[in-house]
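Visitor:
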Amino acid sequence: MPVVALFFLPLLIGSCRGIDHNETDQRVFPVISINYQHVQMPFEISLWILLASILKLGFHLVPHVSAVVPESCVLIVVGLLVGGLIRVLGEDPPVLDSQLFFLCLLPPIILDAGYFLPIRPFMENVGTILTFAVLGTLWSAFFMGVALYGACQLEGAELAGVDLLSCLLFGSIVSAVDPVAVLAVFQEIHINELLHILVFGESLLNDAVTVVLYHLFEEFVHRGEVTAGDVFLGVVCFFVVSVGGVLVGCVYGFLAAFTSRFTAHTRVIEPLFVFLYSYMAYLSAEVFHLSGIMALIACGVVMRPYVEANISHKSYTTIKYFLKMWSSVSETLIFIFLGVSTVAGPHAWNWTFVSLTLALCLLSRVLGVVGLTFIINKYRMVKLSGKDQFIVAYGGLRGAIAFSLAFLLSSESCAMKDLFLTAVITVIFFTVFVQGMTIRPLVDLLAVKKKKQSKFSVNEEIHTQFLEHLLTGIEDVCGHYGHHHWRDKHQRSKRTLNISKEREAEIRKMLRANLQKTRQRLRSYSRHTLLPDAEEDDWSETRLRKQRMEMERRMSHFLTVPANRPESPRRARLQTDLDGRAQKASVTFAEELEEHRD
Amino acid sequence: MGSFQSLPDDHQYRTLSQKTGFSLEQIGILHNRFKQLSQNEDTLRRDDLKTIQDLESNPIRSQIIEAFFDKRNFQKDATGSVQEIGFEEFLTVMSYFRAPAHQITEEQREEIRRAKLRFLFNMHDTDNDGTITLEEYRHVVEELLSRSGALGRETAKGIADAAMLEVASITVGPMAPDEFYEGITFEQFLKILKGVEIETRMHIRFLNMDTTVLCK
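Residue numbers (UniProt numbering), protein chains in the order written: chain E, 1 to 598; chain V, 1 to 216.
#1: May I have the straight-line CA-CA distance separating A400 (chain E) from M437 (chain E), to the nearest angstrom?
#2: Could you confirm whether any beta carbon from chain E is found closer than 8 Å to the beta carbon of I132 (chain V)?
#3: Might you give, ordered along the chain, the residues of its own chain that have their beta carbon closer than 6 Å to the beta carbon of F200 (chain E), omitting 5 neighbours on each side?
#4: Consider the Cβ of I204 (chain V): report whether some Cβ of chain E lies at a distance smaller than 8 Å.
#5: Just curious, the alpha helix (DSSP H) that K116 (chain V) is in, first and last residue?
#6: Can you give me the C-alpha to C-alpha distance between G127 (chain E) and I119 (chain E), rounded to a whole angstrom?
#7: Note the first and the last residue of the continuous alpha helix (DSSP H) segment covering E44 (chain E).
#8: What three-state label does DSSP hand E219 (chain E) in the structure shown?
#9: On a CA-only basis, which of E:C299, E:A344 and E:P271 is nearest L323 (chain E)? Give me that one, please.
#10: Hey, out of E:E461, E:R398 and E:Q465, whose CA is closest to V434 (chain E)'s CA?
#11: Does L467 (chain E) have its Cβ less than 8 Å from a Cβ in chain V?
#12: Beta-carbon of I129 (chain E) versus every beta-carbon of chain V: anything under 8 Å?
#13: Anyone know if the C-beta pair for A402 (chain E) and I34 (chain E) falls short of 8 Å?
#14: Any beta-carbon of chain V closer than 8 Å to the one on H484 (chain E)?
#15: Can you grab the Cα-Cα spacing for the pair D476 (chain E) / H190 (chain E), in whole Å?
#16: Which residue marks the beginning of the alpha helix (DSSP H) containing W349 (chain E), and which one marks its end?
#17: Measure from the alpha carbon of P107 (chain E) to the alpha carbon of each residue in E:E331, E:E124, E:A406 and E:L165, then state which is nearest.
#18: Work out the CA separation of L362 (chain E) and T342 (chain E) for me, nearest whole Å.
#19: When DSSP labels each residue in this structure, what does E91 (chain E) get in the three-state scheme?
#20: Kindly indicate the opening and closing residues of the alpha helix (DSSP H) around Y36 (chain E).
#21: Enumerate, from N- to C-terminal direction, the unbroken alpha helix (DSSP H) stretches of 4 or more residues contained entirely within the region 53-96 of chain V.
#22: Count the other CB atoms within 10 Å of the CB of Q103 (chain V); is the residue buried (16 or more) or exposed (fewer)?
#23: Comparing alpha-carbon positions, which option in V:E106, V:F97, V:A101 and V:T105 lies nearest R118 (chain V)?
#24: If we ignore side chains and look at the alpha-carbon of each, how far apart do D77 (chain V) and I110 (chain E) end up?
#25: Taking R33 (chain V) as part of the alpha helix (DSSP H), name the residues at either end of that continuous run.
#26: Select from E:I49, E:V340 and E:G244 the residue whose C-alpha is nearest the C-alpha of R87 (chain E).
#27: Determine which residues of the region 91-106 of chain V have a Cβ less than 8 Å from any Cβ of chain E, and write them out in chain order.
#28: Starting from D418 (chain E), follow the alpha helix (DSSP H) in both directions and report where the run begins and ends.
#29: Name, in chain order, the residues that DSSP records as bridge partners for T185 (chain V).
#30: Please classify W351 (chain E) as buried or exposed, where buried requires at least 16 neighbouring CB atoms within 10 angstroms.
#31: For L91 (chain V) versus L134 (chain V), is the C-beta spacing smaller than 8 Å?
#32: Give the residues of chain E in contact with L49 (chain V), contact being defined as C-beta atoms less than 7 Å apart.
#33: Within the same chain, show all residues whose beta-carbon is closer than 6 Å to that of A285 (chain E), passing over the 5 residues directly before and after it, in chain order.
#34: In the DSSP assignment, what are the bridge partners of R267 (chain E)?
#35: According to the neighbour-count rule (16 or more other Cβ atoms, all chains shown, within 10 Å of its Cβ), is S166 (chain E) buried or exposed?
#36: If the cut-off is 7 Å on Cβ atoms, which residues from the region 380-401 of chain E count as contacting chain V, listed in chain order?
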């Protein structure tokens with residue numbers, strides 16, 4: 001396999017490191033010389049990324065595999081293989097460096113998720129999402145910590161060294177649902193929008209809780225004891241971390257929006273601003289131990305409507321493609337490294353602890369979801385059914401964030417680090433492999449509603465719009481400021497603040513020039529696939545011509561154009577006029593609705 | 001939340017509650033609102049609704065107001081429109097926006113869906129002939145898109161044409177060259193909106209707590 005050969009290359013070259021050019025007497029001019037150290041670092045990084053990309057290609061070329069096994073599983077297995085290979089060759093397999101993970105690999109994925117977050121479903125369900133994220137994670141962490149501690153005390157002496165605080169720390173590490181894993185698995189099962197946004201939103205927002213709990217318990221473990229005042233400070237810390245993170249994100253988001261106003265003459269670097277401001281938001285939040293993920297999401301969400309109104313269409317495409325590319329590569333690398341690190345890392349296997357962790361993880365998730373849904377359903381318009389609850393509970397996958405947090409634990413303060421690491425890896429493997437692979441057949445078995453495949457027809461769009469305005473109006477008549485009222489107000493303020501008329505016309509003209517791009521914009525939130533090929537076929541020339549002919553025929557039916565049979569030049573002109581207008585109109589309309597929709 | 005002179009007795013509330021499905025507290029709150037809008041009179045007129053400030057910027061304002069005075073929405077099999085309505089009619093119109101109960105059968109769900117779609121249909125079918133003609137549809141589209149301002153009448157017309165075309169192709173299928181498409185009937189309307197979950201989307205949250213103090 002060429003992949004394996006690629007891997008032999010750096011090792012081969014690495015062994016040549018020792019070659020010295022110190023024969024100063026008879027020094028012939030070196031026509032060819034090898035100096036690997038010079039490029040070692042970038043070379044190895046590029047090689048890893050190349051490996052990841054080639055694997056992605058290969059994965060999709062083998063249709064049988066991709067239908068059954070989610071991509072993340074295959075990647076972990078590959079990582080295991082690569083790690084095994086490296087170990088067999090006598091080298092030390094690299095471990096997923098937490099620094100690398102948190103600073104380089106995670107941000108693109110989160111930014112991609114945040115920038116293309118479907119705002120409407122998110123906002124409509126924000127109460128539910130927050131409940132699951134905050135209360136669910138808290139419940140999981142405490143339940144697991146206490147239960148593990150209790151179970152450890154009951155067992156033999158080997159586990160007696162595990163004290164309550166360490167257990168709670170472990171609980172907080174392993175209880176957070178991971179956005180990377182959720183994205184990777186849910187993207188392939190095309191579940192309906194509500195469930196997708198619930199699980200995904202939860203995985204994003206629970207970062208604040210995880211950060212606080214992790215630092216809290218780490219501090220306590222270090223110190224050895226905790227007082228009531230500390231607990232109170234912990235609660236305060238949670239609010240600071242989450243709200244602070246969001247604020248930092250918003251600040252940078254507004255900065256980016258403001259900057260994008262002036263980029264009319266330097267279009268080429270527009271995407272750079274988006275990326276840089278977002279990354280700075282993430283890093284700035286991390287400086288103060290605030291939630292970097294929430295900062296990144298807030299930045300993306302705030303920035304998007306303003307930036308998109310101001311930047312050129314090409315820059316928009318660039319941003320979209322770059323984000324998708326980076327996040328895709330990052331995700332692949334993360335899973336591969338996870339596999340490699342499993343082979344590499346020091347392991348301390350303890351049957352009781354690991355199996356207990358696994359069982360308690362599942363149990364706490366199920367209990368948490370069921371219990372919280374019971375409370376949430378009292379306040380929801382559209383209740384969550386049992387099937388929905390099952391999917392939400394089953395979709396609570398753990399991933400690389402848990403692993404990195406466990407890895408970050410310092411060995412002196414936490415003697416159980418190896419044990420924890422092993423347990424975390426087991427949980428991750430279980431959730432990704434077992435739950436990831438079985439969720440697709442389960443979704444089919446339970447007949448859970450899938451994502452709406454077809455795009456809205458023009459009529460559905462019209463009536464949906466109509467409905468929105470109607471609901472807002474009725475809310476106004478009723479006199480209470482509900483959901484629709486605030487959305488409407490927000491939309492109006494957005495319009496008055498930013499989008500100038502000539503900018504609108506410019507965008508519309510550009511879009512009119514290419515019908516295809518309009519269709520793309522209507523569904524810009526799709527994970528790594530930008531457009532299925534069927535779309536391109538839709539707008540092939542022959543189909544367009546056929547549609548045009550059909551349209552002409554239909555137009556005459558209800559527009560009371562006298563049915564003069566063809567061949568008359570006047571009629572021909574009228575036809576092209578009509579269909580040109582309708583075509584133009586549908587493009588404009590589509591673009592219009594896109595603006596209206598959010 | 002002022003005190004008003006004549007408090008309707010509980011019995012009246014109960015019959016209304018049975019008829020429309022609202023809870024007693026919700027009816028109380030809506031009654032307060034009714035009194036506030038009608039300036040403590042027993043009937044509501046169009047002008048009273050026109051005074052609502054937030055409604056000004058709504059593109060389909062006139063249609064919403066009309067819907068309250070449309071006899072077809074009073075569930076009494078009458079047609080035409082009235083000049084003023086009482087609290088019962090107000091509540092009946094509001095009841096179209098209740099969320100369906102959690103545990104209902106398929107037939108009930110279908111019933112609710114039909115009722116809500118009928119309400120929407122009546123809003124479009126202004127001349128009450130049972131079909132939405134091209135003119136009426138054009139009117140709807142123009143109203144909707146008049147928000148952005150820059151959209152001309154030509155484009156709106158084109159969009160309405162395209163929309164009608166789509167309805168024709170979905171509902172009637174291929175037509176003979178001399179057939180004439182009259183307009184969208186209610187059954188066709190149901191068909192084209194099959195993909196939209198009206199029964200869950202067309203609802204607003206009716207509170208059990210009075211917030212009429214908060215609005216001007």
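Where is the CB? At the ideal position from N, CA and C, for every residue including glycine.
Guide: Reading from the atomic positions:
#1: Numbered from 1 along the first sequence, position 400 holds the residue referred to as residue 400 (chain E). Numbered from 1 along the first sequence, position 437 holds the residue referred to as residue 437 (chain E). Distance between the alpha carbons of A400 (chain E) and M437 (chain E) is about 18 Å.
#2: Residue numbering aside, residue 132 (chain V) sits at position 132 when the second sequence is read from its first letter. Not an interface residue.
#3: For this step, residue 200 (chain E) is matched to residue 200 along the first sequence. If we look at F200 (chain E) and ignore the five residues flanking it on each side, its Cβ neighbours are V182.
#4: For this step, residue 204 (chain V) is matched to residue 204 along the second sequence. Yes, contact with chain E.
#5: Within the second sequence, numbered from 1, the residue matching residue 116 (chain V) stands at position 116. Residues E106 to H124.
#6: One-based indexing of the first sequence puts residue 127 (chain E) at position 127. One-based indexing of the first sequence puts residue 119 (chain E) at position 119. Computed Cα separation, rounded: 14 Å.
#7: As a first step, residue 44 (chain E) must be located in the first sequence, where it is residue number 44. It spans Q40 to L61 - the alpha helix (DSSP H) in which E44 (chain E) sits, taken as one unbroken run.
#8: Counting from 1 along the first sequence, the entry for residue 219 (chain E) is found at position 219. Note: E219 (chain E) maps to helix in three-state DSSP.
#9: Locating residue 323 (chain E) in the first sequence gives position 323, counting from the first residue. Cα-wise, what sits closest to L323 (chain E) is E:P271.
#10: Here residue 434 (chain E) is taken as the residue at index 434 of the first sequence, counted from 1. Nearest of E:E461, E:R398 and E:Q465 to V434 (chain E), Cα basis: E:R398.
#11: On the first sequence, position 467 is the one that residue 467 (chain E) refers to. For L467 (chain E), the answer is yes, since a Cβ of chain V falls inside 8 Å of its Cβ.
#12: Looking up residue 129 (chain E) in the first sequence gives position 129. So, not an interface residue.
#13: Locating residue 402 (chain E) in the first sequence gives position 402, counting from the first residue. Locating residue 34 (chain E) in the first sequence gives position 34, counting from the first residue. Not closer than 8 Å, so no.
#14: Along the first sequence, one-based indexing puts residue 484 (chain E) at 484. By this cut-off, H484 (chain E) is an interface position.
#15: Along the first sequence, one-based indexing puts residue 476 (chain E) at 476. Along the first sequence, one-based indexing puts residue 190 (chain E) at 190. Distance between the alpha carbons of D476 (chain E) and H190 (chain E) is about 36 Å.
#16: Within the first sequence, the letter at position 349 stands for residue 349 (chain E). Looking at the DSSP string, W349 (chain E) is not in any alpha helix (DSSP H), and its letter there is neither H nor E.
#17: Counting from one through the first sequence, the residue named residue 107 (chain E) turns up at place 107. Of the candidates E:E331, E:E124, E:A406 and E:L165, the one whose C-alpha sits nearest the C-alpha of P107 (chain E) is E:E331.
#18: Residue numbering aside, residue 342 (chain E) sits at position 342 when the first sequence is read from its first letter. Residue numbering aside, residue 362 (chain E) sits at position 362 when the first sequence is read from its first letter. C-alpha separation (whole angstroms): 22 Å.
#19: Numbered from 1 along the first sequence, position 91 holds the residue referred to as residue 91 (chain E). E91 (chain E) falls in the coil class under three-state DSSP.
#20: As a first step, residue 36 (chain E) must be located in the first sequence, where it is residue number 36. Element bounds for Y36 (chain E): n/a, residue is neither H nor E.
#21: 61-68 and 87-95
#22: Position 103 of the second sequence, counted from the start, is the residue given in the question as residue 103 (chain V). Exposed, because fewer than 16 other Cβ atoms sit within 10 Å of the Cβ of Q103 (chain V).
#23: The residue given as residue 118 (chain V) occupies position 118 in the second sequence. Among V:E106, V:F97, V:A101 and V:T105, the Cα nearest to that of R118 (chain V) belongs to V:F97.
#24: Translated into positions along the second sequence, residue 77 (chain V) becomes position 77. Translated into positions along the first sequence, residue 110 (chain E) becomes position 110. Their Cα atoms are separated by approximately 56 Å.
#25: Along the second sequence, read from residue 1 onward, the residue named residue 33 (chain V) stands at position 33. First-last of the alpha helix (DSSP H) with R33 (chain V): L24 to L37.
#26: Within the first sequence, the letter at position 87 stands for residue 87 (chain E). Ranking E:I49, E:V340 and E:G244 by Cα distance to R87 (chain E) puts E:V340 first.
#27: M94, F97, A99 and H102
#28: Position 418 of the first sequence, counted from the start, is the residue given in the question as residue 418 (chain E). First-last of the alpha helix (DSSP H) with D418 (chain E): K417 to F429.
#29: Residue 185 (chain V) sits at position 185 when you count from the first residue of the second sequence. T185 (chain V) is bridged to V:T131.
#30: Reading the first sequence from its first residue, position 351 is the one you call residue 351 (chain E). When all chains shown are included, W351 (chain E) counts as exposed.
#31: Reading the second sequence from its first residue, position 91 is the one you call residue 91 (chain V). Reading the second sequence from its first residue, position 134 is the one you call residue 134 (chain V). No, these two residues do not count as a Cβ contact at 8 Å.
#32: Here the question's residue 49 (chain V) lines up with position 49 in the second sequence. Within chain E, the residues near L49 (chain V) are V477.
#33: By 1-based counting over the first sequence, the position of residue 285 (chain E) is 285. For A285 (chain E), where only same-chain residues beyond five positions count, the Cβ hits under 6 Å are G245, V248, G292 and A295.
#34: For the purposes of this step, residue 267 (chain E) is taken as residue 267 along the first sequence, with counting starting at 1. Answer is none; R267 (chain E) lacks a bridge partner.
#35: Position 166 of the first sequence holds residue 166 (chain E). That one is buried.
#36: M381, V382 and K383
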